Amino acid sequence: MGNEEIRVPPQNVDAEKALLGAMMIDEEAIGTAIEHLDSFYFYETRHQKVFDALRDLYAQRKNVDIITLSDFLTGKGTLEAVGGLSYLTELADFVPTSANARYYVDIVKEKGIQRRLIKNSTEIISKSYGTDVNVDELVDAAEQLIFEIATAKQKQQAVHVKDVIKTAIETIDQLYQHKQAITGVATGFIDFDRMTSGLQKSDLIIIAGRPSMGKSALAGSICEYAAIHGNVPIAIFSLEMSKEQLVQRMLCSQAQVDAHKVRTGFLSPSEWPLLTKAAGKLSNVPIFIDDTPAISALELRAKARRLKTSHNIGLIVVDYLQLMEASAKTESRQQEISEISRSLKALARELNTPLIAISQLSRAVESRQDHRPQLSDLRESGAIEQDADVVVLLIREEQYNPT
Numbered sequence: 019m020g021n022e023e024i025r026v027p028p029q030n031v032d033a034e035k036a037l038l039g040a041m042m043i044d045e046e047a048i049g050t051a052i053e054h055l056d057s058f059y060f061y062e063t064r065h066q067k068v069f070d071a072l073r074d075l076y077a078q079r080k081n082v083d084i085i086t087l088s089d090f091l092t093g094k095g096t097l098e099a100v101g102g103l104s105y106l107t108e109l110a111d112f113v114p115t116s117a118n119a120r121y122y123v124d125i126v127k128e129k130g131i132q133r134r135l136i137k138n139s140t141e142i143i144s145k146s147y148g149t150d151v152n153v154d155e156l157v158d159a160a161e162q163l164i165f166e167i168a169t170a171k172q173k174q175q176a177v178h179v180k181d182v183i184k185t186a187i188e189t190i191d192q193l194y195q196h197k198q199a200i201t202g203v204a205t206g207f208i209d210f211d212r213m214t215s216g217l218q219k220s221d222l223i224i225i226a227g228r229p230s231m232g233k234s235a236l237a238g239s240i241c242e243y244a245a246i247h248g249n250v251p252i253a254i255f256s257l258e259m260s261k262e263q264l265v266q267r268m269l270c271s272q273a274q275v276d277a278h279k280v281r282t283g284f285l286s287p288s289e290w291p292l293l294t295k296a297a298g299k300l301s302n303v304p305i306f307i308d309d310t311p312a313i314s315a316l317e318l319r320a321k322a323r324r325l326k327t328s329h330n331i332g333l334i335v336v337d338y339l340q341l342m343e344a345s346a347k348t349e350s351r352q353q354e355i356s357e358i359s360r361s362l363k364a365l366a367r368e369l370n371t372p373l374i375a376i377s378q379l380s381r382a383v384e385s386r387q388d389h390r391p392q393l394s395d396l397r398e399s400g401a402i403e404q405d406a407d408v409v410v411l412l413i414r415e416e417q418y419n420p421t
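Per the working numbering, the very first residue in the sequence shown carries number 19; after that it's consecutive.
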């Protein structure tokens, strides 16, 4: 035991000191640092405190130098904790110029990520030794911990509203300066886009209807438009149709060819070039299809994370919600659907991506005289309407009134 090597966590204290010194002599270096770093990337606690103080001074648009920094830390009661005025002087004198600030940022961030990998891996190993372990949940938790690092996003702590107001005002001003009717993913349906301003990030959009109402067709049309006209990378999780069936439907839609004629083989010679042209167009759009049947919420989340990391997915579609499996068996199917619905909303928020989930409606629609669907008709769970940001209820009146 006495001969075992003591492992020191990855760190570069000199790079931390050099970066803080550069920030003290050049406000541009502060902007560069806060764009890429947070205080947890620093190994030494006192460096974390100095970084936070510099960031706060910068946010308040105050001049940054040893005097203002010292005064700020004194007001916080942390000057002595960081080493006093003498240590701040040491930091300021550590580098003669801020020219290499970005280089120091990269070093500090790299070491911080290494330490977080060690911390998260240790946590995963510890949980893996547990006697009462749900393996699926463990794998999901492990992937979540690694995903946080890969995307350089950490779970946010509660913040005071004043810290968010500046960003909110800047966003409003940007919208005011560059007026746009559509601020999210455009669907190609003018009235719908006018009402929603497009599919917004983090939103869960439910498209619901009885069978043969065109739910999948509507979702498919939205995907085609967003990918072709907006170049939006899209992930489609098709639980009802195979990937071949789905692509065949897309080809017919783009070529404006009767799908029944394609299925039965009764294509006219003039329709083949239309399909060929549609195939060429669809081959170049960023649509990714996963047709795993009865996929679980955990598995879908894991696959969506990987697609987000590798292809920066801008829209997720699940067809359809009731065909998914819950991550764990519950007392009723209603509870399972509630858990699936919550997981989809959580996924939309986590990936900051709009998510369309197709849902069936209950038979209550059929017993209603006008057959018009209502929110209460969402099948097997009232949680769906609670989790959803937008609900689209479909009806084809000709389905009930053929004449």
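Backbone N, C-alpha and C define an ideal beta-carbon position, used for all residues, glycine too. A quick note: this is a predicted structure, and the numbers were derived from the prediction, not measured.
Item	Value
Cα-Cα separation between Thr310 and Ile125, rounded to whole angstroms	41 Å
Distance between beta carbons of Ile43 and Ala117, contact taken as under 8 Å	Between Ile43 and Ala117 the Cβ distance is about 11 Å, and since that is not below 8 Å, they are no contact.
Coarse secondary structure for Ser359, derived from DSSP in three states	helix
Lys35 burial status per 10 Å Cβ neighbour count (16 or more: buried)	buried
Proximity to Gly130 [Cα-Cα], best of Glu166, Tyr105, Glu98, Arg323	Glu166
Other residues of its chain near Ala296: CB distance less than 6 Å, five sequence neighbours each side excluded	Leu269, Gln272, Ala273
9 Å Cβ cutoff met for Ala226 and Leu341	no
CB of Ile223 within 9 Å of CB of Val409, strictly	yes
Cβ-Cβ distance between Ser336 and Leu373 below 9 Å	Note that residue 336 is Val in the sequence shown, not Ser. Cβ atoms of Val336 and Leu373: closer than 9 Å.
DSSP bridge partner residues for Leu379 (one or two, in chain order)	Leu396
Cβ-Cβ distance between Leu325 and Phe306 below 9 Å	yes
Limits of the unbroken alpha helix (DSSP H) element including Glu37	Checking the displayed sequence, the identity of residue 37 turns out to be Leu instead of Glu. Run containing Leu37: 31-43, per the alpha helix (DSSP H) assignment.
Contact under 9 Å by Cβ, Leu72 with Val123	no
N-terminal and C-terminal residue of the beta strand (DSSP E) that Leu333 is part of	333-337
The region 99-106 in contact with the region 58-74 per 3-pair CB rule at 8 Å	yes
Among Ile376, Leu333, Glu403, Arg323, nearest to Thr164 - alpha-carbon criterion	According to the sequence as given, residue 164 is Ile; it is not Thr. Comparing Cα-Cα distances from Ile164 to each of Ile376, Leu333, Glu403, Arg323, the minimum goes to Arg323.
Distance between Trp290 and Leu217 (C-alpha atoms, nearest Å)	34 Å
Residue nearest to Leu37 in terms of C-alpha spacing, selected from Ile48, Met231, Glu258, Glu128	Ile48
Asn155 in three-state terms, based on DSSP	The sequence as given places Glu at residue 155; Asn does not occur at that position. Glu155 falls in the helix class under three-state DSSP.
Proximity of Ile252 and Ile334 at Cβ, strictly below 9 Å	yes
7 Å CB neighbourhood of Gln174 in its chain, flanking five on each side removed	Because the pLDDT of Gln174 is 48, which lies under 50, any placement of that residue in the model is unreliable, and the number read from its coordinates should be weighed accordingly. Result list for Gln174: empty, nothing under 7 Å.
Integer-rounded CB distance, given that Phe112 should sit under 8 Å from Gly39	4 Å
Gly227 - partner residues in DSSP beta bridges	Gln378
Local conformation of Ile305 per DSSP, three classes	strand
C-beta contact flag for Ser260 and Ile376 at 9 Å	no
Leu217 in three-state terms, based on DSSP	strand
Ser239 vs Thr294 beta-carbon contact at 9 Å	no
Presumed contact (8 Å Cβ cut-off) between Ser359 and Asp405, rounded CB distance	5 Å
Distance CB(Gln29)-CB(Arg133) smaller than 9 Å	yes
Nearest-angstrom Cα separation, counted from Pro229 out to Arg390	14 Å
Cβ-based neighbour list, Gly248, same chain, cut-off 7 Å, excluding 5 preceding and 5 following	Val203, Ala204
7 Å Cβ shell around Met19 - same chain, five flanking residues per side excluded	Legend: pLDDT at Met19 = 48, less than 50; position of this residue unreliable, no value from coordinates given.
Sub-9 Å separation of Ser356 and Ala315 beta-carbons	no
Three-way DSSP call (helix, strand, coil) for Phe284 in this model	coil
Element boundaries [beta strand (DSSP E), containing Leu269]	Careful: Leu269 lies outside any beta strand (DSSP E), inside the alpha helix (DSSP H) at 261-273.
Chain D contact for Ile240 (CB, 9 Å cutoff)	Of the protein chains in the structure, only one exists, and it is not chain D.
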